[in-house]
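In this note's numbering, the protein residues as written are 7 to 161.
Glycine residues also receive a C-beta, built at the ideal position from the N, C-alpha and C atoms.
On a predicted model such as this, the values are computed, not experimentally measured, just so you know.
The block underneath contains the structure these notes are about, expressed in structure tokens.
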């Protein structure tokens with residue numbers, strides 16, 4: 007028998023295949039004939055969260071709004087962190103793959119990765135692990151004030 011020929015099932019294998027067809031055949035036929043044609047086809051997506059008001063849109067003592075804004079901010083931080091991680095991994099993979107030519111061939115990936123890391127640090131850096139959305143909002147406000155003063159001094 008040559009290596010590329012398939013081996014036909016013998017003995018116990020043939021019995022197991024027959025039993026599988028007897029047990030699974032009718033149920034598969036019912037499912038394919040009656041159940042699946044009447045079901046809607048839904049594509050699989052990750053869970054989608056509706057955007058909620060940000061902290062600057064919440065009233066001062068509105069606890070539910072502040073909680074929703076906090077949870078939204080946590081999800082945004084997690085997503086942004088994962089994006090930065092993916093971009094860094096791409097850069098590392100490019101360096102590994104390209105070898106000595108990496109500084110030239112991976113320059114665009116390095117620039118994108120560095121820009122994403124800088125933007126992440128501008129938004130979330132120096133806040134600490136247990137930071138809240140209010141602290142992030144204050145950081146954003148202070149940065150905007152600093153930029154306004156810096157541009158006024160330059161003029």
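Ordered along the chain, which non-local residues of its own chain (more than five positions away) have a Cβ less than 6 Å from that of residue i?
| i | result |
| --- | --- |
| residue 7 | Bear in mind that the predicted position of residue 7 carries a pLDDT of just 49, short of 50, making it too unreliable to give a figure here. |
| residue 100 | 112 and 115 |
Given this structure, state the Cα-to-Cα distance separating residue i from residue j, to the nearest angstrom.
| i | j | result |
| --- | --- | --- |
| residue 118 | residue 102 | 17 Å |
| residue 124 | residue 51 | 30 Å |
| residue 94 | residue 150 | 28 Å |
| residue 22 | residue 31 | 13 Å |
| residue 107 | residue 127 | 29 Å |
| residue 39 | residue 115 | 50 Å |
| residue 26 | residue 33 | 11 Å |
| residue 69 | residue 104 | 52 Å |
| residue 148 | residue 132 | 13 Å |
| residue 109 | residue 54 | 39 Å |
| residue 24 | residue 49 | 35 Å |
| residue 161 | residue 155 | 10 Å |
| residue 157 | residue 67 | 35 Å |
| residue 28 | residue 43 | 23 Å |
| residue 73 | residue 35 | 50 Å |
| residue 37 | residue 17 | 30 Å |
| residue 152 | residue 146 | 10 Å |
| residue 41 | residue 19 | 31 Å |
Output needed for residue i: all residues of its chain with C-beta closer than 8 Å, excluding positions within five of it in sequence on either side, in chain order.
| i | result |
| --- | --- |
| residue 137 | 130 |
For my contact list, residue i and residue j are in at a C-beta cut-off of 8 Å; report their separation, rounded to the angstrom.
| i | j | result |
| --- | --- | --- |
| residue 71 | residue 65 | 7 Å |
| residue 112 | residue 97 | 6 Å |
Does chain B have any CB closer than 8 Å to the CB of residue i?
| i | result |
| --- | --- |
| residue 50 | Structure shown: chain B not included; a single protein chain is present. |
Grab me the residues of residue i's own chain with a C-beta within less than 7 Å of its C-beta, minus the 5 sequence neighbours each way, in chain order.
| i | result |
| --- | --- |
| residue 46 | none |
Within 8 Å, do at least three Cβ pairs link the stretch 71-88 to the stretch 129-143? Result yes; three or more Cβ-Cβ pairs closer than 8 Å.
Check whether the stretch 38-58 and the stretch 67-78 touch, using three or more Cβ-Cβ pairs below 8 Å as the test. Look at the beta carbons and you see the stretch 38-58 touching the stretch 67-78: at least three pairs across the two are nearer than 8 Å.
- prompt: Would you call the stretch 103-122 and the stretch 85-95 in contact, with 3 or more CB pairs under 8 Å?
  reply: A contact exists between the stretch 103-122 and the stretch 85-95.
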